[in-house]
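Under this note's numbering, think of the first position of the sequence shown as 49, with each following residue one higher.
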Amino acid sequence: MIRLYRRFWGQSLLARLTRMLVLIALLSLTSLISSLVIADGARGEASAINMAGSLRMKIYRAVATLNAIPTRSRPDQIKALEGSLNDFEATLASPTLTQFIPSDELDRRARVYRDMLDAWQQRVRPLLVAEADTSRFNPEARVALLAQAQNLVTTIDELVTLLQENVEAKLALLRLIQGLAITAIFVVIAITIYVTRADVLVPLKELQEATQKMRRQDLSVRVAQYAANDLDGLGLSFNLMAEDLDKLYQNLEHKVAEKTESLARSNKSLELLYRSIGRLYPSAINSSTHLSLLNDFEKAIGVGHGLVCLASDSAHGGTPASPQFSSGDRQLCQVSNCSDCHASSAIRWREFEHLRALTLPLHDVNASYGVLQWVVPSGQDLDPWQIQLLEALATHMGIAIGEAMRAEQSKRWSVYEERAILARELHDSLAQSLSYMRIQVCRLKTAVQAKEPAQTELIMSSLDNGLTNAYHHLRELLSTFRMKVEDNLTIALEKSAAEFSLRGSIPVHTQVTPTTSRLSPNEEINLLQITREALANAIQHANPSHIEVSFYESEGGGVHLAIDDDGIGIGEEHGRIGHHGLLIMHERANHIGAQLSITNKPEGGTRVAVQLTPRALSTSIRIAPGTKHELHA
Numbered sequence: 049m050i051r052l053y054r055r056f057w058g059q060s061l062l063a064r065l066t067r068m069l070v071l072i073a074l075l076s077l078t079s080l081i082s083s084l085v086i087a088d089g090a091r092g093e094a095s096a097i098n099m100a101g102s103l104r105m106k107i108y109r110a111v112a113t114l115n116a117i118p119t120r121s122r123p124d125q126i127k128a129l130e131g132s133l134n135d136f137e138a139t140l141a142s143p144t145l146t147q148f149i150p151s152d153e154l155d156r157r158a159r160v161y162r163d164m165l166d167a168w169q170q171r172v173r174p175l176l177v178a179e180a181d182t183s184r185f186n187p188e189a190r191v192a193l194l195a196q197a198q199n200l201v202t203t204i205d206e207l208v209t210l211l212q213e214n215v216e217a218k219l220a221l222l223r224l225i226q227g228l229a230i231t232a233i234f235v236v237i238a239i240t241i242y243v244t245r246a247d248v249l250v251p252l253k254e255l256q257e258a259t260q261k262m263r264r265q266d267l268s269v270r271v272a273q274y275a276a277n278d279l280d281g282l283g284l285s286f287n288l289m290a291e292d293l294d295k296l297y298q299n300l301e302h303k304v305a306e307k308t309e310s311l312a313r314s315n316k317s318l319e320l321l322y323r324s325i326g327r328l329y330p331s332a333i334n335s336s337t338h339l340s341l342l343n344d345f346e347k348a349i350g351v352g353h354g355l356v357c358l359a360s361d362s363a364h365g366g367t368p369a370s371p372q373f374s375s376g377d378r379q380l381c382q383v384s385n386c387s388d389c390h391a392s393s394a395i396r397w398r399e400f401e402h403l404r405a406l407t408l409p410l411h412d413v414n415a416s417y418g419v420l421q422w423v424v425p426s427g428q429d430l431d432p433w434q435i436q437l438l439e440a441l442a443t444h445m446g447i448a449i450g451e452a453m454r455a456e457q458s459k460r461w462s463v464y465e466e467r468a469i470l471a472r473e474l475h476d477s478l479a480q481s482l483s484y485m486r487i488q489v490c491r492l493k494t495a496v497q498a499k500e501p502a503q504t505e506l507i508m509s510s511l512d513n514g515l516t517n518a519y520h521h522l523r524e525l526l527s528t529f530r531m532k533v534e535d536n537l538t539i540a541l542e543k544s545a546a547e548f549s550l551r552g553s554i555p556v557h558t559q560v561t562p563t564t565s566r567l568s569p570n571e572e573i574n575l576l577q578i579t580r581e582a583l584a585n586a587i588q589h590a591n592p593s594h595i596e597v598s599f600y601e602s603e604g605g606g607v608h609l610a611i612d613d614d615g616i617g618i619g620e621e622h623g624r625i626g627h628h629g630l631l632i633m634h635e636r637a638n639h640i641g642a643q644l645s646i647t648n649k650p651e652g653g654t655r656v657a658v659q660l661t662p663r664a665l666s667t668s669i670r671i672a673p674g675t676k677h678e679l680h681a
């Protein structure tokens, strides 16, 4: 039945519901119209029934009027009787009554009305008129009149009964129509409720339950599809959405798992690189360090083993490379392939008989130091993350090796510089003094051989002064090479001032301000030596009562050092006596590029002033808008 219903009404849910609502409206409208029509007709027939019933009263009235007429009728009585007869005829021919009398002669109401009309016109009226005109009372005629009147009343009663039956038939028809309409409406409503429940509520409830399951992350849920339902498209869309979400969720889970694995791998790789860098940079060219790193990376990568081949300066020409560090048994860096191994500075694969080797150069921005080769069996390959990890290892190894070599070279140059400084200091002090004394010894031999006592005495005095100066230079050199600025220059200046104040029993005050300028260790040592030399000269030769040491940063970014005393000042005699100390101070100032001035103060005393621009500042590149680049040194 439901299939026939769906086939008849179509498969569109909206169309079915619309048709059912229209059918309910039509049934209701039909019931309403039929009720209005039948009720209106019944109201007219009720008037007709009343009018037909009034005919009985009027016939009885006419008979009663006739019976009231005496033997000799008066004109007014005759006129009253005629009025009753006319009223009866008017009622009998009234449209209110005749409109419900069918024109069909076969209809019973038409026959009864015609019989009633014949009985009135042919029997009852003539008798009434005849009795009214009779001057003498005729009992037999009155009995016949009453009999005919009674027959007419019976006919009237039959007509009234037929009219009532017609009205009742219409009311029964109205009840039938309304009952059928109400029944049809309830049937359509029941079908609508059933269809709504079966085709709307059940699919929607199923969709709601499926949605709740999907909210609980059950993406395998699917809904049934209804071929004769507009919600079939919604169910199909839901199933497609659930399928897409399921695929997307699985894809996301797969990607999340991949990302988690990648992040875990990256975390382990970063941790490995962090530990490797911590072990690599302190000892970049150490066999145990490299072997330990290669073993750790072999465990992390899980494929193959590594080989580090550090090249010497002539390794690229075909001679064996310097140290080889391998975590496996195979040694690929041999004399036969050393040149090919170091020939390229790019990452490349090298093919061998039963294995492959990924060659990664070890270099920094300055030079190339060798290669890192990762050996894998034939048929296996490295993933991109493994290659990136090896690239990071090779990069850090190259940088660490370069830093180690540069540190070693820096140490070597530091030793060379210290030796050069020592040689210069010895040459400028002890060597010159010894050379001078050698000349004096030659002169002494000549004077002794010539037996010149005066000349001998003079030469001996010169030798004594030379030995004194040589000893002084030696003490200065020992003091210079032993001295260290353990804290910073300001603290070292304060300590030196306290030391000389205690040594000479003279108050030495300091006005030392920390500076932001970056002084090199060589600059700090020479400034400290100049200060100590100036303090020693002041205590020994100036006879001061107060000494002040000031150190501060000048406006141009340099530093200013001043040693002031209130002694006798510097003169020709003092210059002659302390000329070696003054010369050493000038040499130290020239060595660090500082400007040294030694002057007498107007109020008395001596000022030793040093103005220095640190090399870290003076060698910086200053770029001004609209100007060319200049290197200030």
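By construction, the Cβ of each residue, glycine as well, lies at the ideal position given by its N, Cα and C atoms. Predicted model, so just to flag it, every value in this text is computed and none were measured.
Exposed or buried, which one is residue i when buried takes at least 16 other CB atoms within 10 Å?
i    : result
N574 : buried
S481 : buried
M289 : exposed
I487 : exposed
E213 : exposed
A167 : buried
F345 : buried
A96  : buried
L296 : exposed
V383 : Here the model assigns V383 a pLDDT of 38, short of 50, so the residue's position is not dependable and the matter cannot be decided.
H589 : buried
M164 : buried
Specify the secondary structure class of residue i as computed by DSSP and reduced to three states.
i    : result
I539 : helix
L437 : helix
G623 : Because the pLDDT at G623 is just 46, under 50, the model does not fix this residue reliably, and the point stays unresolved.
H402 : coil
L80  : helix
Q559 : strand
Q421 : strand
I149 : coil
N648 : strand
G354 : strand
R104 : helix
L154 : coil
V683 : Past the edges of the chain, shown from 49 to 681, lies residue 683, and the structure says nothing about it.
V658 : strand
R264 : coil
Expressed to the nearest angstrom, what Euclidean distance is found between the alpha-carbon atoms of residue i and residue j?
i    : j    : result
R551 : G615 : 17 Å
M68  : I81  : 20 Å
L140 : S79  : 35 Å
E401 : L358 : 24 Å
I447 : L474 : 39 Å
V111 : L211 : 25 Å
H639 : S593 : 32 Å
G350 : V463 : 46 Å
H411 : R454 : 13 Å
D152 : E93  : 18 Å
L84  : S76  : 12 Å
S335 : R404 : 24 Å
L427 : A440 : The amino acid occupying residue 427 in the given sequence is Gly; Leu does not appear at that position. So the two alpha carbons sit approximately 25 Å from each other.
A63  : V269 : 30 Å
I646 : R655 : 6 Å
L328 : H444 : 8 Å
E651 : G617 : 10 Å
Residues in its own chain within less than 7 Å of residue i by CB, not counting five upstream and five downstream?
i    : result
R109 : S132
T579 : L541, S544, V597, L609, I611
K106 : S132, D135, F136, T139
Spatial neighbours of residue i within its chain, please: C-beta separation below 6 Å, excluding the five flanking residues on both sides.
i    : result
W422 : G352, G354, L406, L438
E596 : H557, D612
R491 : I507
S317 : L437
A232 : L75
P425 : L403
Quick one: residues in its chain with C-beta nearer than 8 Å to the C-beta of residue i, no 5 flanking neighbours on either side, listed in chain order?
i    : result
L142 : Reading the sequence as shown, one finds Ser at residue 142 and not Leu. Excluding residues within five positions, the ones whose Cβ falls inside 8 Å are M99.
S310 : W433
Runs of alpha helix (DSSP H) wholly within the region 561 to 616 (minimum 4 residues, chain order): 569 to 585
Alpha helix (DSSP H) runs wholly inside the region 455 to 501, at least 4 long, in chain order: 480 to 498
Unbroken stretches of the beta strand (DSSP E), 3 residues or longer, contained in the region 173 to 245: none
Segments assigned alpha helix (DSSP H), at least 4 residues, entirely inside the region 294 to 334: none
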